[in-house]
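Undergrad:
Residue numbers (this note's numbering): 36 to 430.
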């Protein structure tokens, strides 16, 4: 709000706007952490850039920059440590948080909500509650009470949370992977839960997709508030927000994609933290997870989606400002014409734009803020000269 008022009043009055230092640390690592965590300072800098930018956006004409150099593999000598079967079905680009039992899973879910709240309070500098646990369950089409009843030793042999990022505030590429004792019972329960989610979400629809020779159930809403893929491969059942994760999961089952369980790095981890420890929670982040997270498509799309999220917030503030002044401006064009938004506010280099959806706006490509299309599912395409330069510097 402060950033909007300062920039907008300076533009409308007009008054000179003093040069202000960036709110972010200038180091590459600090900037990356601010971006990954979605801190207020990162969002404030993006808002400042949007409000002070010219009416013509840069053209996305450059090809994606080269990827980060792959580190030389270390000689790990992992031994023949035992590996749980579930890990053999997790794509190597995913993080892996294994609970093992239903009681451990429920404990982890509650602790994540508590820890997440404490971390968000530190990061945001204010005690906001974004309802991330409920939002994730809604997007996956799962109901907490049913999950609690379901995850028992009779039906579930093992369970883990997997994903390629943890961007729950904007929309994460995340999922739950189950190993079933009783696949028939598990499928029946998930089918019932998904039918309930379809009824509860206005405009929701169900599709059956064919991916890699498998029938995949996909339920969704236009704003992606519900975006859930469900597929099984033998006794392994995956519910995820990301089509890319589905494709990798099925390719792993067909021995056409690497799993974390088959990697030397994971076996080395199991050598030092063997299954016999019976850990309540075992969390593993592979070198490939970080390599994927820091790749050009991921980093560029993270920047673009943050800009989109900030634009949606700025439109909300601009509407309030117009209402406060008794101005009927409501659409983006009207807000720009009245000076509540800068000229060219709705122009982007990637071709996406904001679309009015009831009383709010959604991204034409990514959906609603808080349930954006997962990063790996977005086709980044061409990049602007600034995006190319920034990533090359980062790499």
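Just so it is clear, CB atoms sit at the ideal spot from N, CA and C, and this is done for glycine as well.
Predicted model only: the values in this text are computed from it and were never measured.
From the DSSP output, in three-state form, read off residue 323 for me.
TA: Reduced to three states, the DSSP call for residue 323 is helix.
Undergrad: By how many angstroms is the C-alpha of residue 133 removed from the C-alpha of residue 313?
TA: Distance between the alpha carbons of residue 313 and residue 133 is about 11 Å.
Undergrad: Kindly list the residues whose CB is nearer than 7 Å to the CB of residue 262, restricted to its own chain and excluding five residues on each side of it in sequence; keep chain order.
TA: So the qualifying residues of the chain are 174, 255, 276 and 406.
Undergrad: With a CB to CB cut of under 6 Å and the five nearest residues on each side skipped, what residues in its chain are close to residue 247?
TA: These residues qualify, in order along the chain: 285.
Undergrad: What residues in its chain sit with their C-beta under 7 Å from that of residue 335, if we drop five residues either side in the sequence?
TA: Hits under 7 Å: 415, 418, 422 and 426.
Undergrad: Using DSSP's beta-bridge definition, name the partner residues of residue 255.
TA: 240 and 262, per the DSSP bridge assignment.
Undergrad: Nearest CA to the CA of residue 320: which residue from 82, 125 and 333?
TA: The residue with the shortest Cα to Cα distance from residue 320 is 125.
Undergrad: My output table needs one value for residue 292: the three-state DSSP class, helix, strand or coil.
TA: Reduced to three states, the DSSP call for residue 292 is coil.
Undergrad: Give the list of continuous alpha helix (DSSP H) stretches no shorter than 4 residues that lie fully inside the stretch 298–342.
TA: Those alpha helix (DSSP H) runs which fall completely within the stretch 298–342 and span 4+ residues are 299–307 and 322–328.
Undergrad: Pull up the CB-CB distance for residue 409 and residue 207, whole angstroms please, since I reckon it's below 8 Å.
TA: Between residue 207 and residue 409 the Cβ distance is about 7 Å, and since that is below 8 Å, they are a contact.
Undergrad: Which residue marks the beginning of the alpha helix (DSSP H) containing residue 368, and which one marks its end?
TA: Its alpha helix (DSSP H) spans residues 367–372.
Undergrad: When you compare the CB positions of residue 82 and residue 301, do they come within less than 8 Å of one another, or not?
TA: Contact flag unset, no.
Undergrad: Would you kindly work out how many angstroms separate the C-alpha atoms of residue 98 and residue 304, rounded to a whole number?
TA: Distance between the alpha carbons of residue 98 and residue 304: 38 Å.
Undergrad: Kindly identify the DSSP beta-bridge partner or partners of residue 211.
TA: Paired residues: 196 and 274.
Undergrad: Do you know offhand how far residue 209's Cα is from residue 396's?
TA: Taking the straight line from one Cα to the other gives about 24 Å.
Undergrad: For residue 238, which residues in the same chain have their Cβ closer than 7 Å to its Cβ, ignoring the five residues on either side in sequence?
TA: Excluding sequence neighbours, residue 238 sits near 256 and 257.
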